[in-house]
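Colleague:
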Amino acid sequence: GESVGLHLPTLSVQEGDNSIINCAYSNSASDYFIWYKQESGKGPQFIIDIRSNMDKRQGQRVTVLLNKTVKHLSLQIAATQPGDSAVYFCAESDLVGRRALTFGSGTRLQVQP
Amino acid sequence: SAVISQKPSRDICQRGTSLTIQCQVDSQVTMMFWYRQQPGQSLTLIATANQGSEATYESGFVIDKFPISRPNLTFSTLTVSNMSPEDSSIYLCSGGHSGLNEQFFGPGTRLTVL
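Taken in order, these protein sequences are the chains called A and B. Under the numbering used here, think of the first position of the first sequence as -6, with each following residue one higher. Under the numbering used here, think of the first position of the second sequence as 23, with each following residue one higher.
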């Protein structure tokens, strides 16, 4: 098996339930935030992003919420499916500067059928 | 979006040797980066690969240990030099277009050093 995410916090949900994954960031200068999904043996896959001039953005079954006051980011997944099982990372960047990403520590999502 | 491939996908190497990892993007990207993901952990930026000039390294990473090339807008290499077991990790490259926000990742290269 793959070793990605072995020591990460785990969120276990039932299939069909909604999932909320949280992330705290530290850099007040960050103005761009991304959520990635990483399955075993694969690279991170882009899910959804949000710029700092927004506090909410919705995609297909996913919503990202940004609270700049407390430097908190969350990813909500509606009607969670077994295929959503993966490790989820938040990442932050600045759109004007070097554009490199700083990743959060990650959360493993396990969906129980 | 951009499709990014890496070679090799995995390798097992002996201590003291070097391995060069290749990253190919299917379209021209302005930015390319190299990250390391140690077992069970998150991604850490190694360096920004600059086209036609020396890479920009993050604190804790140096050119002698991780030389990087980027001869054009679609290709980059990362060499892990004089490897030790502590270098065992997944190495990932990413790319992004200027004017667009997303960065896309390759599948990673899983390196094991014995």
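For glycine and all other residues, C-beta sits at the position ideal for the given N, C-alpha and C. Here the structure is a predicted model, which means the values were calculated and not measured.
Just checking my contact of A:Tyr81 with A:Leu94 at CB under 8 Å: how many whole Å lie between their CB atoms?
Modeller: So it is not a contact: roughly 14 Å between Cβ atoms.
Colleague: Hey, is B:Leu136's beta-carbon within less than 8 Å of any beta-carbon in chain A?
Modeller: no
Colleague: At the 8 Å Cβ level, is A:Glu36 part of the contact set with chain B, yes or no?
Modeller: One detail in the question is off: residue 36 of chain A reads as Gly in this sequence, not Glu. Yes, A:Gly36 lies at the interface with chain B (some Cβ there is under 8 Å from its Cβ).
Colleague: Could you work out which residue in A:Ser86, A:Ser78, A:Phe96 is closest to A:Pro106 when comparing CA atoms only?
Modeller: A:Ser78
Colleague: Which of the three DSSP states is assigned to A:Tyr18 in this structure?
Modeller: coil
Colleague: For B:Asp86, name the three-state secondary structure that DSSP assigns.
Modeller: coil
Colleague: Just to confirm the assignment, what range does the beta strand (DSSP E) spanning A:Ala79 have?
Modeller: 79 to 86
Colleague: Return the Cβ separation of A:Ser98 and B:Ser64 in integer angstroms, given the expectation that the two are a contact with Cβ distance under 8 Å.
Modeller: 5 Å
Colleague: At least one CB of chain A closer than 8 Å to the CB of B:Thr177: is that the case?
Modeller: In the structure as shown, chain B starts at 23 and stops at 136, and residue 177 of chain B therefore has no counterpart that could be examined.
Colleague: Does B:Leu41 come within less than 8 Å of chain A when only Cβ atoms are used?
Modeller: no
Colleague: I need the straight-line Cα distance from B:Tyr57 to B:Thr66, nearest angstrom please.
Modeller: 5 Å
Colleague: Measuring alpha carbon to alpha carbon, tell me which residue in B:Ser40, B:Val135, B:Pro107 is nearest B:Thr99.
Modeller: Of B:Ser40, B:Val135, B:Pro107, the residue nearest in Cα terms is B:Ser40.
Colleague: Looking at the C-beta of B:Gln125, does it have a partner C-beta in chain A at a distance below 8 Å?
Modeller: yes
Colleague: Which of the residues in the segment 92 to 105 of chain A, read from start to end, lie with their CB under 9 Å from any CB of chain B?
Modeller: Arg92, Ala93, Leu94, Thr95, Phe96, Gly97, Ser98, Gly99
Colleague: Tell me, please, whether the segment 0 to 11 of chain A touches the segment 87 to 98 of chain B by the rule of three or more beta-carbon pairs shorter than 8 Å.
Modeller: no
Colleague: If you follow the beta strand (DSSP E) that B:Gly130 is in, where does it begin and where does it stop?
Modeller: Run containing B:Gly130: none; DSSP gives neither H nor E here.
Colleague: At a CB distance below 9 Å, what residues from the segment 19 to 51 of chain A approach chain B? Give them in sequence order.
Modeller: Tyr25, Ile27, Tyr29, Gln31, Gly34, Lys35, Gly36, Pro37, Gln38, Phe39, Asp42, Arg44
Colleague: Can you find a C-beta in chain B that's less than 8 Å from the C-beta of A:Gly(-6)?
Modeller: With a pLDDT of only 36 at A:Gly(-6), under the threshold of 50, the placement of this residue in the model should not be trusted, and no figure is reported.
Colleague: Would a check of beta-carbon distances place B:Phe55 closer than 8 Å to chain A?
Modeller: For B:Phe55, the answer is yes, since a Cβ of chain A falls inside 8 Å of its Cβ.
Colleague: Less than 7 Å between C-beta atoms, sequence neighbours within five positions excluded: which residues of the same chain meet that for A:Ile14?
Modeller: Leu4, Ser67, Leu68, Tyr81, Thr100, Leu102
Colleague: Among A:Gln38, A:Gly34, A:Asn46, which residue has its Cα nearest to the Cα of A:Asp87?
Modeller: A:Asn46
Colleague: Suppose you measure from the CA of A:Trp28 to the CA of A:Gly76; what does that come to, to the nearest Å?
Modeller: 16 Å
Colleague: If I'm right that A:Asp42 touches B:Asn104 with Cβ under 8 Å, what's the distance once you round it to whole angstroms?
Modeller: Contact flag wrong, Cβ pair sits at about 38 Å.
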